[in-house]
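Below is one structure, written out as structure tokens, with a few remarks after it.
2 protein chains.
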Amino acid sequence: MAVTLRDVAALAGVSPRSVSNVVNDFRYVSPAMQAKVRAALDELDYKPNLLARGLRQGRTGTIALLLPEITVAYFSELAHEIVERASQLGITVMIDETSGAPNRELALLEVAMRSSWVDGVLLSTLGLNGAALAGVKSDVPVVLLGERTAKSALDHVGIDNVRASRDAVQHLIDSGRHRIAAIGGSHAPSDMTSRLRLKGYRAALRAAGLPTEDYLYARTPKYRRGDAAVAVRALLAHPEPPDALFCFSDELAIGSLRELYEQGLRVPSDISVVGFDDIEESRFTTPSLTSISPDKHQIASTALETLMARIAGSDLRPRALQVGYQLLARESSTRQ
Amino acid sequence: MAVTLRDVAALAGVSPRSVSNVVNDFRYVSPAMQAKVRAALDELDYKPNLLARGLRQGRTGTIALLLPEITVAYFSELAHEIVERASQLGITVMIDETSGAPNRELALLEVAMRSSWVDGVLLSTLGLNGAALAGVKSDVPVVLLGERTAKSALDHVGIDNVRASRDAVQHLIDSGRHRIAAIGGSHAPSDMTSRLRLKGYRAALRAAGLPTEDYLYARTPKYRRGDAAVAVRALLAHPEPPDALFCFSDELAIGSLRELYEQGLRVPSDISVVGFDDIEESRFTTPSLTSISPDKHQIASTALETLMARIAGSDLRPRALQVGYQLLARESSTRQ
DNA sequence: CTGTTAGCGCCTTCAC
DNA sequence: GTGAAGGCGCTAACAG
Numbered sequence: 001m002a003v004t005l006r007d008v009a010a011l012a013g014v015s016p017r018s019v020s021n022v023v024n025d026f027r028y029v030s031p032a033m034q035a036k037v038r039a040a041l042d043e044l045d046y047k048p049n050l051l052a053r054g055l056r057q058g059r060t061g062t063i064a065l066l067l068p069e070i071t072v073a074y075f076s077e078l079a080h081e082i083v084e085r086a087s088q089l090g091i092t093v094m095i096d097e098t099s100g101a102p103n104r105e106l107a108l109l110e111v112a113m114r115s116s117w118v119d120g121v122l123l124s125t126l127g128l129n130g131a132a133l134a135g136v137k138s139d140v141p142v143v144l145l146g147e148r149t150a151k152s153a154l155d156h157v158g159i160d161n162v163r164a165s166r167d168a169v170q171h172l173i174d175s176g177r178h179r180i181a182a183i184g185g186s187h188a189p190s191d192m193t194s195r196l197r198l199k200g201y202r203a204a205l206r207a208a209g210l211p212t213e214d215y216l217y218a219r220t221p222k223y224r225r226g227d228a229a230v231a232v233r234a235l236l237a238h239p240e241p242p243d244a245l246f247c248f249s250d251e252l253a254i255g256s257l258r259e260l261y262e263q264g265l266r267v268p269s270d271i272s273v274v275g276f277d278d279i280e281e282s283r284f285t286t287p288s289l290t291s292i293s294p295d296k297h298q299i300a301s302t303a304l305e306t307l308m309a310r311i312a313g314s315d316l317r318p319r320a321l322q323v324g325y326q327l328l329a330r331e332s333s334t335r336q
Numbered sequence: 001m002a003v004t005l006r007d008v009a010a011l012a013g014v015s016p017r018s019v020s021n022v023v024n025d026f027r028y029v030s031p032a033m034q035a036k037v038r039a040a041l042d043e044l045d046y047k048p049n050l051l052a053r054g055l056r057q058g059r060t061g062t063i064a065l066l067l068p069e070i071t072v073a074y075f076s077e078l079a080h081e082i083v084e085r086a087s088q089l090g091i092t093v094m095i096d097e098t099s100g101a102p103n104r105e106l107a108l109l110e111v112a113m114r115s116s117w118v119d120g121v122l123l124s125t126l127g128l129n130g131a132a133l134a135g136v137k138s139d140v141p142v143v144l145l146g147e148r149t150a151k152s153a154l155d156h157v158g159i160d161n162v163r164a165s166r167d168a169v170q171h172l173i174d175s176g177r178h179r180i181a182a183i184g185g186s187h188a189p190s191d192m193t194s195r196l197r198l199k200g201y202r203a204a205l206r207a208a209g210l211p212t213e214d215y216l217y218a219r220t221p222k223y224r225r226g227d228a229a230v231a232v233r234a235l236l237a238h239p240e241p242p243d244a245l246f247c248f249s250d251e252l253a254i255g256s257l258r259e260l261y262e263q264g265l266r267v268p269s270d271i272s273v274v275g276f277d278d279i280e281e282s283r284f285t286t287p288s289l290t291s292i293s294p295d296k297h298q299i300a301s302t303a304l305e306t307l308m309a310r311i312a313g314s315d316l317r318p319r320a321l322q323v324g325y326q327l328l329a330r331e332s333s334t335r336q
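Chains P and C supply the protein sequences, listed in that same order. Residue numbers for the first sequence follow UniProt numbering, so the first one is 1 and each next one is one higher. Residue numbers for the second sequence follow UniProt numbering, so the first one is 1 and each next one is one higher.
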């Protein structure tokens, strides 16, 4: 059996209260008491039962991070940043995978929120639309990462997807491309990511007086490498094939690079490729991949700060917080 | 405030005990009671407080998965398999990042093990050697993933690294390569992975009567993409440069592909490359990457089964469980 | 500054 | 089958 506060108190010949004081660095403890208790603590190798503490305090010092898929590099990189930052703040992060399935997402969210395991939730949602989210009564604070899915009454941290996409496409235009295609996502109402990126893409084309014909946008079921091939083939099959691809994720861009290679096209001489997310992998592809790089570090800190403020009881009205991004021009769009 | 068992009992006009019975699907409950309680449950939207339940029962239904780095694709893919399998078993997985730093690894391990948060721990360790592990008194069961770090008294699930490495190198030999270099890891006593893979590599070379000279092994600080470039340059600088690279991880292999490209060498015509881990990315590189593919699915199930058995009280002596692997020959070692 | 008391929400003996 | 009490380990009141 585990050693309890009471055991320590008994050994030291003091009350549990005093032991608790020492364990929690309470201010007014006499040196003599300190010494006695510490000796007993060490001798018994006492570790507090965090469950009991959490039950008593109503707070656990743990937050949940709900991600669609941990194997998606963007999410694992984001998770890394969040775990890092949280550990500096003395917070434990419980990472959980939702599979992007709305029902599982909801289920996990409900559990996380109602079971008192966690003080708060960081939710990166793809599939879950605003309506479903609105139906969730939140006993614990929730901060959304990524796109704001509809007008949910939640804090939300992300980048300006429209502007970032416009920048990416403008970069392609500046380098002399004219038939620029977009790849990724469903453009469904619930897929806010693709809607916003498509909007930025079209805005850039329109501003430059370039065609925005429908055939230049190829949807994909998800945003993974394996989803790109079909889309690329469809685009290349057109009588006037594109001379540049703007992919809504780096993984899609990498899948596209592979398919272009199989089709015998050279990047960037025949066709340019730009991605989105700046995952580490993109620096090592051949050619290396131009990408929009959201400031993941800042997303992590901002999200955590916001969540901690809510947990502490902040009652401001929900805010949409935007963090920075960069366009990183690499070989896939620059070296001729 | 959250709604408690007592609230439900009051509304239904029964005792907390009866509510508990219904919530936990206890056998002997009258249909009338069932109905009354369920109605109250629904009306109040009751969710049990898992903290209190865990405290009471001494079990939480949660296990910890401790990984060096979540951004390493191999680990995130493994994590995915484990979360998947665990969710089928009704177990929640708490993923935590140790940064591979032995002290942080130990710290997290201690916390996980002593604080009653989790019923068990799956530990994938790189840095932590057997001696340090032996010093940890485990209040909860621990199962090791990957290499067995020394003769620790813990269960352990992994593949036969020596044999897998020998197979990989044999494959290179079979395809006509003669100067085969190895890349990765420190070969330090604590880095069991590189020791075992190096052993298999050398065994294959010796068996074929090929040179195993020291200059053909290039160490790397870690196993990431960015660690490969220096190693590759060193190998190529030698008067008799290798005609094949056996990399101890896919990430290293991918970093190597990039560096070989920069050096103007073509894969596989000038030089073959083989990796280890079979991460998804490796199917999309150009050329696609030949790799050893450990059965991650089976690692996940075996590890979970073993851990659950321990949690249930199994008292068998610690076992080393080996699961299967495959050599997947792709373009980087086959297409001329 | 320290000891006593009570209770966080739940489950599980023990009676009925 | 169901009700009443007790306690898992801890900390927050309230004395003293």
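Backbone N, C-alpha and C fix where the C-beta goes; we use that ideal spot for every residue, glycine too.
| task | Have a look at the DSSP bridge pairing and note the partners of E97(P). | result | Residue pairing by DSSP places E97(P) opposite L67(P) in a beta bridge.
| Members of the stretch 71-103 of chain P that neighbour chain C once the beta carbon cut-off is set at 9 Å | Flagged, chain order: T71, V72, A73, F75, S76, E77, A79, H80, V83, E84, S87, T92, V93, M94, I95, D96, E97 and S99.
| message | Would P16(C) and R6(C) be called neighbours here (beta carbons separated by less than 8 Å)? | response | Less than 8 Å divides the Cβ of P16(C) from the Cβ of R6(C).
| request: Please work out which residues of its chain come closer than 7 Å, Cβ to Cβ, to R202(C), disregarding the five sequence neighbours upstream and downstream, and give them in chain order. | output: The answer, listed in chain order, is T212.
| request: Determine the DSSP secondary structure at G200(C), reduced to helix, strand or coil. | output: The three-state reading of DSSP puts G200(C) in helix, counting H, G and I together.
| request: Kindly provide the ranges of any beta strand (DSSP E) runs that are 3 or more residues long and lie completely inside the stretch 140-186 of chain C, ordered along the chain. | output: With a minimum length of 3 residues, the unbroken runs of beta strand (DSSP E) contained wholly in the stretch 140-186 of chain C fall at 142-145, 155-158 and 180-183.
| Quick one: any contact between the stretch 62-69 of chain C and the stretch 111-128 of chain C, if contact means 3 or more CB pairs under 8 Å? | Segments in contact, yes.
| Where do the N-terminal and C-terminal ends of the alpha helix (DSSP H) with I299(P) fall, by residue? | Counting along the chain, the alpha helix (DSSP H) containing I299(P) begins and ends at K296 to I311.
| message | Using a Cβ-Cβ cutoff of 8 Å, what residues of the stretch 30-49 of chain C are near chain P? List them in chain order. | response | Considering only beta carbons, the part of the stretch 30-49 of chain C lying closer than 8 Å to chain P consists of D45, K47, P48 and N49, in chain order.
| message | Just to confirm the assignment, what range does the alpha helix (DSSP H) spanning Y325(P) have? | response | First-last for Y325(P): Y325 to L328, but that is the beta strand (DSSP E), not the alpha helix (DSSP H).
| message | For T220(C), would you say it is in contact with chain P, using Cβ-to-Cβ distances shorter than 8 Å as the test? | response | Chain P contact via Cβ: absent.
| message | Would R225(C) and E251(C) qualify as a contact pair, given that the criterion is a beta-carbon distance under 8 Å? | response | Contact: yes.
| said: Given this structure, state the Cα-to-Cα distance separating D270(P) from R258(C), to the nearest angstrom. | reply: Going from the Cα of D270(P) to the Cα of R258(C) covers about 21 Å.
| request: Can you give me the Cβ contacts of I82(C) inside the same chain, cut-off strictly under 8 Å, excluding the 5 residues immediately before and after it? | output: Cβ neighbours of I82(C) beyond the five flanking positions: L65, V93, L122, A300, A303 and L304.
| query | A164(P): buried (16+ other C-beta within 10 angstroms of its C-beta) or exposed? | reply | The residue is buried, with at least 16 neighbouring Cβ atoms inside 10 Å.
| said: So if I threshold CB-CB distances at 7 Å, which residues from the stretch 172-184 of chain C count as touching chain P? | reply: Result list empty, no residue passes.
| task | Give the secondary structure of I271(P) by DSSP, where H, G and I count as helix, E and B as strand, and everything else as coil. | result | Collapsing the DSSP output to three states places I271(P) in coil.
| task | May I ask you to list, following chain order, the residues of the stretch 283-316 of chain P that have a beta carbon less than 7 Å from some beta carbon of chain C? | result | Cβ contacts with chain C: F284 and T286.
| Neighbourhood of H171(C) by C-beta, 8 Å cutoff - its chain only, sequence neighbours within 5 removed | Within the same chain, H171(C) has close Cβ partners V274, T290, L327, A329 and S333.
| task | Check the Cβ of L257(P) against every Cβ in chain C and list those closer than 8 Å, keeping chain order. | result | In chain order, F284 and T286 make up the part of chain C whose C-beta sits under 8 Å from the C-beta of L257(P).
| query | Residues of chain P with a CB under 8 Å from the CB of D25(C): which are they? | reply | Residues of chain P passing the Cβ test: none, with the nearest at roughly 18 Å.
| request: May I ask whether a heavy atom of the ligand COA can be found less than 7 Å away from the beta carbon of V142(C)? | output: Because no ligand of any kind appears in the structure shown, any question about the ligand COA cannot be addressed here.
| query | Should I254(C) be flagged as near chain P, meaning a C-beta pair shorter than 8 Å? | reply | At least one chain P Cβ lies under 8 Å of I254(C).
| field | Q57(C), enclosing beta strand (DSSP E) - first and last residue | value | In the DSSP assignment, Q57(C) falls outside any beta strand (DSSP E) and within the unbroken alpha helix (DSSP H) covering L50 to Q57.
| task | Could you list which residues in chain P have their beta carbon closer than 9 Å to that of S52(C), in chain order? | result | Sequence inspection shows Ala at residue 52(C); the Ser mentioned does not correspond to that position. Chain P residues near A52(C): L51, L55 and S116.
| If you draw a straight line from the alpha carbon of L316(P) to that of A309(P), how long is it in whole angstroms? | Annotation: L316(P) to A309(P) spans about 10 Å, alpha carbon to alpha carbon.
| Neighbouring residues, chain C, relative to R59(P) (Cβ below 8 Å) | Neighbours of R59(P) on chain C: none; closest Cβ ~10 Å, over 8 Å.
| field | C-alpha gap between A182(C) and I279(P), whole angstroms | value | Rounded to the nearest angstrom, the two C-alpha atoms are 27 Å apart.
| query | Where does the unbroken beta strand (DSSP E) through S124(P) begin, and where does it stop? | reply | In the DSSP annotation of this structure, the continuous segment of the beta strand (DSSP E) that includes S124(P) starts and ends at G120 to S124.
| said: Given a cut-off of 8 Å on the beta-carbon distance, is the pair V19(C) and I159(C) in contact? | reply: The Cβ atoms of V19(C) and I159(C) do not sit closer than 8 Å to each other.
| query | Does Y261(C) have its Cβ less than 8 Å from a Cβ in chain P? | reply | By the rule that beta-carbons nearer than 8 Å mark a contact, Y261(C) touches chain P.
| said: Within the continuous beta strand (DSSP E) that includes A244(P), where are the two ends? | reply: Counting along the chain, the beta strand (DSSP E) containing A244(P) begins and ends at A244 to C247.
| task | Using a threshold of 8 Å, state whether the C-beta atoms of S116(C) and N49(P) are closer than that. | result | Yes, these two residues count as a Cβ contact at 8 Å.
| query | Which residues in the same chain have their Cβ closer than 7 Å to the Cβ of S293(P), if we skip the five residues on either side of it in sequence? | reply | Around S293(P): D278, Y325, Q326 and L328.
| Between the Cα of L154(P) and the Cα atoms of V140(P), Q34(P) and L78(P), which residue gives the shortest distance? | The residue with the shortest Cα to Cα distance from L154(P) is V140(P).
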